[in-house]
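**Q** Take a look at this one; I'll ask things after.
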Amino acid sequence: MCLEIALSPGINLFYGMNGQGKTNILESVEILSTTRSDRAFKEAELVNHNEESALVSGRFLKNSLDFDISVNYYKNRKKTCVKNGKNTTADSIFGSVNIVKFFPKDAEIITGAPANRRRYADMEISLTDRAYYTNYKNYIKLIESRNAVLKQMSELQERDFKYGELMDLIESYDELLPDAAYGVYRGRLDFLKEIALYADRTHRSISSNREKLDILYHCSVNENTDKSMNLTENLFKQRLIFLLKKNLKNDIIRKLTTVGPHKDDIEFLINGTPAKNFGSTGQIKTLAVSLKLAQIDYVFNKTGDYPVLLIDDMTSEFDAERLFNIIKSISADMQVLISSTDNEIFKTAFGGQGINYFKVSGGAVVNN
Amino acid sequence: MPLTPSLDRLIHELQKLPGVGPKNAQRLAIFIFKKGADFSRALSSAVIEMSQNVKYCSSCAGICESDICDICSNSLRDHSKVCVVEKPTDVFHIEATGQYNGVYHVLNGLISPLEYLTIDKLNIKPLVARINSADSPVREIVFALPPKVEGDATMALIKKMIQRPLKISKLAQGIPTGCEIEHIDSMTLARALNNRN
Ligand SMILES: Nc1ncnc2c1ncn2[C@@H]1O[C@H](COP(=O)(O)OP(=O)(O)OP(=O)(O)O)[C@@H](O)[C@H]1O
Ligand SMILES: [Mg+2]
Ligand SMILES: [Zn+2]
């Protein structure tokens, strides 16, 4: 099955009944931006159950330059990527196009596990900052390698000759970790500082100035009682080296590295109270929207371009009119893809002007 | 899809080559068949001759056609300087720059516990023995490993295992991170060799 869509530069509304493929269409744009889908746990899940492979292709126009991106997924093979007709790596496609997603799952950034928040920050930073992305991947590889060695050590006796060899290897990783870890720490701090600035502004305006938003970074390397106190580069590295050593015995038993940015967390405070535990459903939704709107400013500030917005399940999740007005107030010529089960609400709210309608049914666009 | 017994046997063997899947193996087998008997004879004798003649150098683990390679056996080379590389082909790339007059040591891989590549699977201990032995001529180590996690970890580990004071350097940056030695053009590689840090 094949679907080809010509999008308008403005607002594109995909509407139709549940399970017809609206989210799939938005997801395809996410794939062209990041080469992965947040929804699929494994790449193979993106391939139709009855097919061997799946292809997503897009043509983009950015600063009067046009380029093509394709990502091919397979049942039993790694994905392949093509840019402008040439085979290339997923990394070199990653971030060619910037997106900001408003998905129903966004609330999980606030209410979910720490891993959700780390992924949110790492993904958003990486899309506009390749150096961060490369360093982040190195950091994760160092931690995973270290963990693999810890696991081998946990199966040996300390007096084993092999144990000593593996200890040398752990020490080698511990020499490399501070630089990589600091890069992740610094990158996240800078990102959150900027996001907090933008998000607080929108959050105040959505909440009619009743709610103040603060974002704190909880660093596992930081042993100050006040976790929001940032560490200098030297102090961070010293603390990390000290803690890696101190925790080593315990790390071997747990087969995991228990300190470092991969254990950190982000906390959102509304009027000084943690939103995760005490925020109302409405407050959390508002906060999630504020974060995403802040992301638009962030991308614009970093790249000089507005991202493509993907807004999934508009009508069920958000106060559509309000969100819509906010988005339009940012820039009238931002490209937006919206999915919704309802198209009437847009017709009545905006007189249908400037909106490109696509009716989605059975995985196809039936008319527009 | 089975073809004839002989073709299937060839396809079975070809599939063991890296990057060759069932479809490609079939295409190659049919190609070899179509090229005729002379080509098949030349191909198979080249393969057999190579496997009989090519071996790992007993000193540096580079590839050569004698027990000890031309570089290791050359007394005009500087045997106090050892360049540590990942793969045998890296030696040929560095030689092509004409900028290096020492000898080599090929690790035949990099440390990567995630891929079960541990110390014993690589040619690390012979290198350390070569350096640590009492009568070792080695005074300087040049690491020419790819600038990525595996390369950095391998270098850090070898440094730990060295028990004598040595001059240690590595290829200068300017080599893109994550890049394999073989993908670097000679000019860049020559510059990196001359600006070690
Ligand atoms: N790998 C797959 N192979 C075949 N069909 C799949 C696969 N993965 C998902 N689907 C189907 O695709 C459809 C999901 O489409 P999608 O989530 O885009 O719907 P939607 O229009 O966004 O629905 P809703 O309004 O409920 O959010 C479902 O019918 C689902 O069963
Ligand atoms: Mg949906
Ligand atoms: Zn040799």
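Line order of the protein sequences matches chains A and B. Per my numbering, the first sequence runs over residues 1 to 368. Per my numbering, the second sequence runs over residues 369 to 565. Even for Gly, the Cβ is constructed at its ideal location relative to N, Cα and C.
#1: For Val-47/A, collect the residues of the same chain with a Cβ closer than 7 angstroms to its Cβ; drop the 5 residues on either side in sequence, then sort them by chain order.
#2: Roughly how many whole angstroms lie between the Cα atoms of Ile-215/A and Lys-193/A?
#3: For the alpha helix (DSSP H) that Ala-90/A lies in, which residues bound it at each end?
#4: Name the two residues that bound the continuous beta strand (DSSP E) containing Thr-80/A.
#5: Taking Cβ-Cβ distances shorter than 7 angstroms, what residues in chain A pair up with Ala-524/B?
#6: Report all residues from its chain with a CB closer than 8 angstroms to the CB of Cys-81/A; omit the five preceding and five following residues, and keep chain order.
#7: What are the complete alpha helix (DSSP H) segments, minimum 4 residues, inside the stretch 422–507 of chain B?
#8: Taking 7 angstroms as the CB-CB cut-off, is Asp-168/A touching chain B?
#9: Tell me which residues pass a beta-carbon proximity test against ligand 5: closer than 7 angstroms to any heavy atom, given in chain order.
#10: List in chain order: all unbroken alpha helix (DSSP H) runs of 4+ residues lying wholly within the stretch 11–38 of chain A.
#11: Take Lys-538/B as the anchor and find which of Pro-514/B, Thr-465/B, Ile-530/B and Leu-478/B has the nearest alpha-carbon.
#12: Taking 5 angstroms as the limit, name every residue whose beta carbon sits nearer than that to some heavy atom of ligand 3, in sequence order.
#13: Restricting to Cα atoms, I'd like to know which of Cys-428/B, Lys-402/B and Ser-441/B is closest to Ile-499/B.
#14: According to the neighbour-count rule (16 or more other Cβ atoms, all chains shown, within 10 Å of its Cβ), is Tyr-133/A buried or exposed?
#15: At a Cβ threshold of 7 angstroms, is Asn-224/A touching chain B?
#16: Below 8 angstroms on the Cβ atoms is my contact criterion, and I expect Ala-397/B with Leu-378/B to pass it. Report the Cβ-Cβ distance as a whole number of Å.
#17: Tell me, to the nearest whole angstrom, how far the beta carbon of Ile-526/B is from that of Val-496/B; I am working on the premise that it is less than 8 angstroms.
#18: Please compile the residues from chain B whose C-beta is within a distance smaller than 8 angstroms of the C-beta of Glu-165/A.
#19: Once DSSP output is grouped into helix, strand and coil, what is the label at Val-365/A?
#20: Classify Lys-193/A as helix, strand or coil using the three-state DSSP reduction.
#21: If the cut-off is 7 angstroms on Cβ atoms, which residues from the stretch 122–136 of chain A count as contacting chain B, listed in chain order?
#22: Touching or not, the stretch 291–302 of chain A and the stretch 195–204 of chain A, by the rule of three or more beta carbon pairs under 8 angstroms?
**A** Put simply:
#1: Indexing the first sequence from 1 puts residue 47/A at position 47. Excluding sequence neighbours, Val-47/A sits near Ser-53, Ala-54, Tyr-73, Tyr-74 and Lys-75.
#2: By 1-based counting over the first sequence, the position of residue 215/A is 215. By 1-based counting over the first sequence, the position of residue 193/A is 193. Using only the alpha carbons, I get a separation of about 8 angstroms.
#3: Mapped onto the first sequence, residue 90/A falls at position 90. Counting along the chain, the alpha helix (DSSP H) containing Ala-90/A begins and ends at 90–93.
#4: For the purposes of this step, residue 80/A is identified with residue 80 of the first sequence, where counting begins at 1. Counting along the chain, the beta strand (DSSP E) containing Thr-80/A begins and ends at 80–83.
#5: The residue you call residue 524/B lines up with position 156 of the second sequence. Within 7 angstroms Cβ-Cβ: Ser-172, Glu-175 and Leu-176.
#6: By 1-based counting over the first sequence, the position of residue 81/A is 81. Counting only Cβ-Cβ distances below 8 angstroms, and skipping sequence neighbours, we find Thr-35, Ile-69, Ser-70, Val-71, Asn-72, Asn-87, Thr-88, Thr-89, Ala-90, Ser-92 and Ile-93.
#7: 456–465 and 492–500
#8: For the purposes of this step, residue 168/A is taken as the residue at position 168 of the first sequence. With 7 angstroms as the cut-off, Asp-168/A counts as an interface residue toward chain B.
#9: Of the ligands this structure carries, namely ligand 1, ligand 2 and ligand 3, none is ligand 5.
#10: 22–34
#11: For the purposes of this step, residue 538/B is taken as the residue at position 170 of the second sequence. Of the candidates Pro-514/B, Thr-465/B, Ile-530/B and Leu-478/B, the one whose C-alpha sits nearest the C-alpha of Lys-538/B is Pro-514/B.
#12: Cys-425/B, Ser-427/B, Cys-428/B, Gly-430/B, Cys-437/B and Cys-440/B
#13: One-based indexing of the second sequence puts residue 499/B at position 131. It is Cys-428/B.
#14: Reading the first sequence from its first residue, position 133 is the one you call residue 133/A. So Tyr-133/A counts as buried.
#15: Here residue 224/A corresponds to residue number 224 of the first sequence, with the count starting at 1. Asn-224/A does not count as touching chain B.
#16: Looking up residue 397/B in the second sequence gives position 29. Looking up residue 378/B in the second sequence gives position 10. That pair is a contact at about 5 angstroms.
#17: Start at 1 with the first residue of the second sequence, and residue 526/B comes out as number 158. Start at 1 with the first residue of the second sequence, and residue 496/B comes out as number 128. About 7 angstroms separates the two Cβ atoms, so the contact holds.
#18: Taking the first residue of the first sequence as position 1, residue 165/A is located at position 165. Chain B residues near Glu-165/A: Ile-487.
#19: For the purposes of this step, residue 365/A is taken as residue 365 along the first sequence, with counting starting at 1. Three-state result, Val-365/A: strand.
#20: Translated into the one-based positions of the first sequence, residue 193/A becomes position 193. Reduced to three states, the DSSP call for Lys-193/A is helix.
#21: Thr-134
#22: yes
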